[in-house]
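Enquirer: So in full-length UniProt numbering, spot 53 of the sequence shown is number 53, and the numbers just go up one at a time. Think of the CB as a built atom: it goes at the ideal place given N, C-alpha and C, for glycine as much as any other residue. Computed from a predicted structure; not experimentally measured.
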Amino acid sequence: MSQIEVSNLVCFVVENELLKIHKDTLLKKPYFQEILTGSETYPEVRIYLPDWMSSAAFHLYLSYIESSKLPKTDSQTARKLLWTADFFQDEELQKSLIVDCIIPHLTKDSVLLFLQDAFTKLSNSKSECWFELYHSCLLFIAENSHYIFSQFQSVIEGMDHKLIEDVMRYSMGRTLRISNTDNSFILEKIKALHNATGFVNLLEIEEKRITENFDCEIPIFEWEISDFTSGNFYKESKTFMIGESEWVLCIWSFEHENRCEISIKYVQSGEIFSKDCIVTLSLLIQTEDEKIQLKPKLVPLLLDSKTQSIIRSISPFSPQETSMMKLRLFGKIEYLYSVLLQHIARNPDISLEAEDLRLLPRDKLEAMLSYKYLNVNSEDQVLNIIGKWCEQHPYHISDEDAYHLLSCVKWEFVSLRSLLKSVKHFPSLKKSKVFQERFRREIEAKSKSKKSQNKEALPRKSYKHLEKEQFSSLKEYILSLSDIILENDGLSNSNSLEKDYTIQQLTSELKRKESEIKELRDKMSPSRLSRSAVLTAPNYNSPGLDKDEESESNLFVTPKSKTVKMHTSMDSSSTISTDNLFKSRRSGQALTSLIAKLQSRSPRSS
Numbered sequence: 001m002s003q004i005e006v007s008n009l010v011c012f013v014v015e016n017e018l019l020k021i022h023k024d025t026l027l028k029k030p031y032f033q034e035i036l037t038g039s040e041t042y043p044e045v046r047i048y049l050p051d052w053m054s055s056a057a058f059h060l061y062l063s064y065i066e067s068s069k070l071p072k073t074d075s076q077t078a079r080k081l082l083w084t085a086d087f088f089q090d091e092e093l094q095k096s097l098i099v100d101c102i103i104p105h106l107t108k109d110s111v112l113l114f115l116q117d118a119f120t121k122l123s124n125s126k127s128e129c130w131f132e133l134y135h136s137c138l139l140f141i142a143e144n145s146h147y148i149f150s151q152f153q154s155v156i157e158g159m160d161h162k163l164i165e166d167v168m169r170y171s172m173g174r175t176l177r178i179s180n181t182d183n184s185f186i187l188e189k190i191k192a193l194h195n196a197t198g199f200v201n202l203l204e205i206e207e208k209r210i211t212e213n214f215d216c217e218i219p220i221f222e223w224e225i226s227d228f229t230s231g232n233f234y235k236e237s238k239t240f241m242i243g244e245s246e247w248v249l250c251i252w253s254f255e256h257e258n259r260c261e262i263s264i265k266y267v268q269s270g271e272i273f274s275k276d277c278i279v280t281l282s283l284l285i286q287t288e289d290e291k292i293q294l295k296p297k298l299v300p301l302l303l304d305s306k307t308q309s310i311i312r313s314i315s316p317f318s319p320q321e322t323s324m325m326k327l328r329l330f331g332k333i334e335y336l337y338s339v340l341l342q343h344i345a346r347n348p349d350i351s352l353e354a355e356d357l358r359l360l361p362r363d364k365l366e367a368m369l370s371y372k373y374l375n376v377n378s379e380d381q382v383l384n385i386i387g388k389w390c391e392q393h394p395y396h397i398s399d400e401d402a403y404h405l406l407s408c409v410k411w412e413f414v415s416l417r418s419l420l421k422s423v424k425h426f427p428s429l430k431k432s433k434v435f436q437e438r439f440r441r442e443i444e445a446k447s448k449s450k451k452s453q454n455k456e457a458l459p460r461k462s463y464k465h466l467e468k469e470q471f472s473s474l475k476e477y478i479l480s481l482s483d484i485i486l487e488n489d490g491l492s493n494s495n496s497l498e499k500d501y502t503i504q505q506l507t508s509e510l511k512r513k514e515s516e517i518k519e520l521r522d523k524m525s526p527s528r529l530s531r532s533a534v535l536t537a538p539n540y541n542s543p544g545l546d547k548d549e550e551s552e553s554n555l556f557v558t559p560k561s562k563t564v565k566m567h568t569s570m571d572s573s574s575t576i577s578t579d580n581l582f583k584s585r586r587s588g589q590a591l592t593s594l595i596a597k598l599q600s601r602s603p604r605s606s
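This is the structure in structure tokens:
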């Protein structure tokens, strides 16, 4: 073979194998055009390929270059060929492999490998075909999450945290389509990734993330309303898509209220969601002339209730003075938030009994308490959850909050004992006028005979005992009521929680008084007084000081007249402070005595 013939060949070394191919064939590809420029003067061009590249995949790549036809291959070889095409920057082959060979033939056993490859590629590239592969893998995992999570849990746990979270979030969408799906593993993993103390805390973290990353650039729907009528009116928009589901906007106004309400309603078409699920939307509605960016609202909807959820209220509003209104809607479905609400409702003993229950917004708690699969042993537990939520809020519970939460209670299944205990244990709830009215109504209802009580109410599926509490006669009811009161298990002259709160307040006041006493003692210390006197009594008749030195020394001392005045004020303040000291001691002793009495009277068990 002549030197000229050898120079027209390029030698590739892969897995200790030497492969030769004509330059003219390689020059069809831009990558080789660039690296072979100026190689004509060399008798031989030899390229050593990386260790990870397989000889079989490289042979297929050379065959593709020569024939321009996509070779038939299995999933594993296709994956190695994809790496090879990426190494040689052959975007055409990458796209063909992803679209025609890989995505249509994804399997439960191979999808995680392709997902990790796509994630690695997209970490330093924005290739559309690799993003398509990444998205397709996530959707495939979501459709087969139960098998993949159970068989490859250790593999998933070893992935990058961002990749794990994407896998989890995509899997949430399928959960809303299938009832009774167990997502404990997924949610526990997400909770650990965010260092959340509990699922209610994870809800708070997720809400913050949604708010910070909310997209207000492109509206998902625009609605122009021009045919306003005077007085009361109600209108619905045409249907529009959020994700794969259909929705409508509703607007109504009541003339006497001088405002309008805008809400959203789910249009059931097909089986996009399970009919019993909670779907949470992050939504923002703005009128065309508004310049201030509003905060998005998280709206939970119970699809089985077919109710509307209010997104925004506009006030003042007058139909007579409004010729046209253009609304722009931004938003999307928040799958993880939706599944979290359902998971908490299915496990109320863990989340709804915790101290961070106060972090839960009222409308989210209302959605969970109305959820079909709320897993409570009895309706007494529902009332107990509402009472705890009210007590964990430092402010007064509004009548609106009380009304919405108490409407979730199936009162026919609340026991008389639980009703009376709620008055004892939950003073904030007891102060609500809505609760007081409901309490009177239920006390009266339970006094009626079995025949006169409502028999239409259905129990929750999770109840351990399905029978309602009923009394055969008024006498039996009065005896039961009396027994509960006399047992000190229901109503009480002094509320235990109020006592505890009073003790906490008095303890805090006692600590403050003790701190004041310590401060006054420090001020009255003789050593401190003598130090102050020495520091503020300069000697103006020191020999050897000329005028300049005297004036300079005056910068650091206090004049005599001021010094005397200061000592006078110190003496007077000492007298006043001494008097206050004894008063503080006496008040501190009284507080200590009062706390001891309250603690001794407070019942040890609730």
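1. For Tyr61, which three-state DSSP category applies?
2. What's the call for Phe277, buried or exposed, on a 16-neighbour Cβ count within 10 Å?
3. When the Cα of Val99 is compared with those of Ala402, Ser432 and Phe131, which residue comes out closest?
4. Please return the same chain residues whose Cβ sits closer than 6 Å to the Cβ of Arg46, not counting the five positions on each side in sequence.
5. For Leu406 versus Val376, is the C-beta distance shorter than 8 Å?
6. Given this structure, state the Cα-to-Cα distance separating Tyr64 from Phe88, to the nearest angstrom.
7. On the three-state DSSP scale, how would you describe Pro300?
8. Exposed or buried, Arg346, counting other C-beta atoms within 10 Å across all chains shown (16 or more means buried)?
9. What number of angstroms, rounded off, separates the C-alpha of Val414 from the C-alpha of Pro361?
10. Where does His343 sit, in a helix, a strand or coil, going by DSSP?
11. Grouping DSSP H, G and I as helix and E and B as strand, with all else coil, what is Gly387?
12. Can you round the beta-carbon distance between Ile310 and Glu261 to whole angstroms, since I take them to be within the 8 Å contact cut?
13. With His22 as the anchor, note down where its beta strand (DSSP E) starts and where it stops.
14. Report yes or no: do three or more beta-carbon pairs, one from the stretch 75–89 and one from the stretch 52–64, lie closer than 8 Å?
15. Are the Cβ atoms of Ile220 and Phe330 separated by less than 8 Å?
16. Based on DSSP bridge pairs, tell me the residues matched to Trp223.
17. Measure the C-alpha to C-alpha separation of His404 and Glu366 and round it to an integer number of angstroms.
18. Measuring only the C-alpha atoms, how far is Gln33 from Ser136?
19. Return the bridge partner residues of Glu516 from the DSSP annotation.
20. Which residue's Cα is closest to the Cα of Lys297: Ser318, Lys306 and Asn213?
21. Going straight from the alpha carbon of Leu203 to that of Asp51, what length do you get?
22. Does the beta-carbon distance from residue 651 to Val339 come in below 8 Å?
23. Between Val14 and Pro104, what straight-line distance do the alpha-carbon atoms span, to the nearest angstrom?
24. Counting Cβ pairs closer than 8 Å, one from the stretch 422–441 and one from the stretch 461–469, do we hit at least three?
25. Does Lys468 come out as helix, strand or coil in the three-state DSSP assignment?
26. Under a Cβ-count criterion, where at least 16 other Cβ atoms within 10 Å of its own Cβ denotes burial, should Ile148 be classed as buried or exposed?
27. So, is Glu412 buried or exposed, given that buried needs 16 or more other C-beta atoms within 10 angstroms?
28. Locate the alpha helix (DSSP H) running through Ser428, then write down its first and last residues.
29. Quick one, which of Gln94, Leu139 and Lys121 has its alpha-carbon nearest Thr107's?
30. So, is Val155 buried or exposed, given that buried needs 16 or more other C-beta atoms within 10 angstroms?
31. Since Gln286 sits in a beta bridge, which residues does DSSP pair it with?
32. Starting from Leu249, follow its DSSP beta bridges and name the residues at the other end.
33. Have a look at Leu18, Ile314 and Ser68 and flag the residue whose alpha-carbon is nearest the alpha-carbon of Leu97.
34. Classify His135 as helix, strand or coil using the three-state DSSP reduction.
35. By the 10 Å Cβ neighbour count, where 16 or more other Cβ atoms means buried, how is Lys121 classified, buried or exposed?
36. Can you list, in chain order, the residues of its chain whose CB lies under 7 Å from that of Ser282, leaving out five sequence neighbours each side?
Expert: So, from the data block:
1. Against the sequence shown, residue 61 aligns to sequence position 61. In the structure shown, Tyr61 adopts helical secondary structure according to DSSP, grouped into three states.
2. Position 277 of the sequence shown holds residue 277. In the sequence as displayed, the identity of residue 277 is Cys instead of Phe. Classification of Cys277: buried, given that the 10 Å Cβ count is 16 or more.
3. The count along the sequence shown starts at 1 and reaches residue 99 at position 99. Measuring from the Cα of Val99, the nearest candidate turns out to be Phe131.
4. Translated into the one-based positions of the sequence shown, residue 46 becomes position 46. Cβ neighbours of Arg46 beyond the five flanking positions: Cys11.
5. Working through the sequence shown from its first residue, we reach residue 406 at position 406. Working through the sequence shown from its first residue, we reach residue 376 at position 376. No, the Cβ-Cβ distance between Leu406 and Val376 is not below 8 Å.
6. Working through the sequence shown from its first residue, we reach residue 64 at position 64. Working through the sequence shown from its first residue, we reach residue 88 at position 88. In this structure, the CA atom of Tyr64 is about 13 Å from the CA atom of Phe88.
7. The sequence position of residue 300 within the sequence shown is 300, counting from 1. In the three-state scheme derived from DSSP, where H, G and I count as helix and E and B as strand, Pro300 is classed as strand.
8. The sequence position of residue 346 within the sequence shown is 346, counting from 1. Arg346 comes out buried.
9. To locate residue 414, count along the sequence shown from 1; it is residue 414. To locate residue 361, count along the sequence shown from 1; it is residue 361. Rounded to whole angstroms, Val414 to Pro361 spans 24 Å at the Cα level.
10. Along the sequence shown, one-based indexing puts residue 343 at 343. His343 falls in the helix class under three-state DSSP.
11. Walking along the sequence shown from the start, residue 387 turns up at place 387. Of the three classes helix, strand and coil, the one that applies to Gly387 here is helix, per DSSP.
12. For the purposes of this step, residue 310 is taken as residue 310 along the sequence shown, with counting starting at 1. For the purposes of this step, residue 261 is taken as residue 261 along the sequence shown, with counting starting at 1. Indeed, because the Cβ distance is near 5 Å, the residues count as touching under 8 Å.
13. As a working note, residue 22 is residue 22 in the sequence shown. Start and end: Glu17 to His22.
14. Verdict: yes, contact present.
15. For this step, residue 220 is matched to residue 220 along the sequence shown. For this step, residue 330 is matched to residue 330 along the sequence shown. Cβ atoms of Ile220 and Phe330: closer than 8 Å.
16. Translated into the one-based positions of the sequence shown, residue 223 becomes position 223. As DSSP reads the structure, Trp223 sits in a beta bridge with Leu327.
17. For the purposes of this step, residue 404 is identified with residue 404 of the sequence shown, where counting begins at 1. For the purposes of this step, residue 366 is identified with residue 366 of the sequence shown, where counting begins at 1. Rounded to whole angstroms, His404 to Glu366 spans 7 Å at the Cα level.
18. Position 33 of the sequence shown, counted from the first residue, corresponds to residue 33. Position 136 of the sequence shown, counted from the first residue, corresponds to residue 136. Spanning the two alpha carbons is a distance of roughly 33 Å.
19. On the sequence shown, residue 516 is found 516 positions in, with the first residue counted as 1. DSSP, once it has assigned bridges, lists no residue as partnering Glu516.
20. On the sequence shown, position 297 is the one that residue 297 refers to. For the residues Ser318, Lys306 and Asn213, the minimum Cα distance to Lys297 belongs to Asn213.
21. Against the sequence shown, residue 203 aligns to sequence position 203. Against the sequence shown, residue 51 aligns to sequence position 51. Near 46 Å, if we compare the C-alpha coordinates of Asp51 and Leu203.
22. For residue 651 there is no data in the structure shown, the boundaries of the chain being 1 and 606.
23. The residue labelled residue 14 in the question sits at position 14 within the sequence shown. The residue labelled residue 104 in the question sits at position 104 within the sequence shown. Spanning the two alpha carbons is a distance of roughly 30 Å.
24. No: the two stretches stay apart, fewer than three of their Cβ pairs being nearer than 8 Å.
25. Here residue 468 corresponds to residue number 468 of the sequence shown, with the count starting at 1. Coil at Lys468, not helix or strand.
26. Stepping through the sequence shown from its first residue, residue 148 is reached at position 148. Ile148 counts as buried, since no fewer than 16 other beta carbons sit within 10 angstroms of its beta carbon.
27. Taking the sequence shown and counting its residues from 1, the one referred to as residue 412 is at position 412. By the neighbour-count rule (16 or more Cβ atoms within 10 Å), Glu412 is buried.
28. Taking the sequence shown and counting its residues from 1, the one referred to as residue 428 is at position 428. Annotation: the continuous alpha helix (DSSP H) that includes Ser428 extends over Pro427 to Lys430.
29. Locating residue 107 in the sequence shown gives position 107, where the first residue counts as 1. Cα-wise, what sits closest to Thr107 is Leu139.
30. Counted from its first residue, the sequence shown places residue 155 at position 155. Label assigned to Val155: exposed.
31. For the purposes of this step, residue 286 is taken as the residue at position 286 of the sequence shown. According to DSSP, Gln286 bridges with Arg328.
32. What you label residue 249 is simply residue 249 of the sequence shown in a count that begins at 1. Per DSSP, Ile264.
33. Position 97 of the sequence shown, counting from 1, holds the residue named residue 97. Scanning Leu18, Ile314 and Ser68 for the CA closest to the CA of Leu97 turns up Ser68.
34. The residue you call residue 135 lines up with position 135 of the sequence shown. In the structure shown, His135 sits in a helix (DSSP, three-state: H, G or I).
35. Residue mapping note: residue 121 aligns to position 121 of the sequence shown, counting from 1. Around the Cβ of Lys121, a 10 Å sphere holds 16 or more other Cβ atoms; the residue is buried.
36. On the sequence shown, position 282 is the one that residue 282 refers to. Answer for Ser282: Ile210, Phe214, Pro296, Leu298, Gly331, Lys332 and Glu334, listed in chain order.
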